[in-house]
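Chemist: Residue numbers (this note's numbering): 1375 to 1511. Supplied in structure tokens, the structure appears directly below.
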Amino acid sequence: MSQMERTLVLIKPDAVRRALVGQIVARYEARGLQVVALELRQIDAAFAARHYAEHVGRDYYPGLEAYITSGPLVAMVLAGERAIDAVRTMNGATDAATALAGTIRGDLATSKRENLVHASDSPESAAREVALWFPQV
Ligand code: CDP
Ligand code: MG
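Following this line, the structure appears as structure tokens:
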């Protein structure tokens, strides 16, 4: 039985600065995921705190806020078979230094903070994040 899902993906400001947007989108498309929404945006601190609500108050949050608001990012909704797990697996471990080769982070980054991409981690997160970023979708 197919399990079609939607997930919220961010190509974060470091990836835009490094001109990696095209190759990252191409990897998702090559996997068979469908782009159903896509927009270049720059977010402010208030929006960052909504997106990363579970991280507000952590010791690393000020740095995370500075990073995610530091420049334009690409927000998108991807759809496909088990898309939530598929994209998380493609992105790789949060700490890019230990992310497996073959993942986006493992192939293209080494930082625990500047790790290029975000993806929803559960159906509940996906529903919340898609509604936050793309209320019209
Ligand atoms: O993005 P992911 O779900 O893999 O990781 P997370 O644990 O939910 O953390 C969210 C984001 O916060 C990470 O992707 C990093 O960009 C950042 N972070 C950080 O700056 N410092 C940490 N010690 C942990 C995470
Ligand atoms: Mg997370």
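A virtual CB, placed ideally from N, CA and C, is assigned to each residue, including glycine. Please read these numbers as outputs of a predicted model, since none were measured by experiment.
1. Contact defined as beta carbons within less than 8 Å: I believe residue 1490 pairs with residue 1418. What is the distance between those atoms, to the nearest angstrom?
2. Kindly indicate the opening and closing residues of the beta strand (DSSP E) around residue 1384.
3. Using the three-state DSSP reduction, which class does residue 1439 fall into: helix, strand or coil?
4. Counting Cβ pairs, one atom from each stretch, are 3 or more of them under 8 Å apart for the stretch 1427-1436 and the stretch 1384-1401?
5. Hey, how far is the Cα of residue 1408 from the Cα of residue 1423?
6. Whole alpha helix (DSSP H) runs in the stretch 1445-1490 with 4 or more residues, listed along the chain?
7. Please classify residue 1419: does DSSP put it in a helix, a strand, or coil?
8. Looking only at its own chain, which residues have a Cβ that is under 7 Å from the Cβ of residue 1508, when we skip the five neighbours before and after it?
9. Out of curiosity, what's the CA-to-CA distance linking residue 1492 and residue 1476?
10. Within its chain, find whatever has a CB closer than 8 Å to the CB of residue 1386; leave out the 5 residues flanking it on each side and keep chain order.
11. Distance check for residue 1393 and residue 1464, CA to CA, integer angstroms please.
12. What first and last residue would you give for the alpha helix (DSSP H) that runs through residue 1505?
13. Report yes if the CB atom of residue 1466 is closer than 8 Å to the CB atom of residue 1480, and no otherwise.
14. Considering only heavy atoms of ligand 2, does any lie closer than 7 Å to the CB of residue 1433?
Modeler: The relevant details are as follows:
1. At roughly 21 Å, the Cβ-Cβ gap does not stay under 8 Å, so residue 1490 and residue 1418 are not in contact.
2. 1378-1385
3. helix
4. no
5. Distance between the alpha carbons of residue 1408 and residue 1423: 28 Å.
6. Uninterrupted alpha helix (DSSP H) stretches at least 4 residues long and entirely within the stretch 1445-1490 occur at 1457-1465, 1478-1482, given in chain order.
7. helix
8. 1411, 1451
9. 17 Å
10. 1441, 1442, 1447, 1488, 1489, 1490, 1491, 1492
11. Approximately 19 Å between the Cα atoms of the pair.
12. 1497-1507
13. Cβ distance < 8 Å, so residue 1466 and residue 1480 count as in contact.
14. no
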